[in-house]
Amino acid sequence: MGNRFLRLAVIYVLIGITMGIVMAASHDYTRRPVHAHVNLLGWASMALFGLWYRSAPAAGETRLAKLHFWIHNIALPIQMATLTMYVYENKAIEPVLALASIVMGIGFILFAINLWKHTGD
């Protein structure tokens, strides 16, 4: 599971870097919240998940880890797409954005449970 998270994290950092370069070149920072979320939830969080799952391989083989992976990787693109729409004044998308954010939160809770189950002390 660790390698899967790490591979996707690298894709998200490339997306985040590209977004940053495009924003800087165009001087249009409208998508700044999306850029920040792609880097935090896509790159940083997924890389940390991946590194932890690699350091605790038994935790990475659990049903909880697999559920965490799929929840995170289904909700994140939906959250980023709807956040993009929201920052471009499509306020009607807010319920979908909220639902995707809640699902992301559930994924983090699953990770926390898995971490607590597989760490001593």
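Here my numbering = 1-based position in the sequence shown + 1488. Cβ coordinates follow ideal geometry from the N, Cα and C atoms, glycine included. For clarity, every value in this text was computed on a predicted model and none was experimentally measured.
The criterion of a C-beta distance shorter than 8 Å is not satisfied by Y1574 and I1566. When the five nearest sequence neighbours on each side are left out, the beta carbons in the same chain lying within less than 7 Å of the beta carbon of H1556 are those of G1595, L1598, F1599, N1602, in order along the chain. About 7 Å separates the beta carbons of G1490 and L1539, which is inside the 8 Å limit, making them a contact pair. With contact defined as three or more Cβ pairs closer than 8 Å, the region 1489 to 1506 and the region 1523 to 1531 are in contact. The straight-line gap separating the alpha-carbon atoms of E1577 and L1571 is approximately 10 Å.
For V1526, there is no enclosing alpha helix (DSSP H), as DSSP marks it with neither H nor E. Classified as exposed, Y1517 has fewer than 16 neighbouring CB atoms from the shown chains inside 10 Å of its CB.
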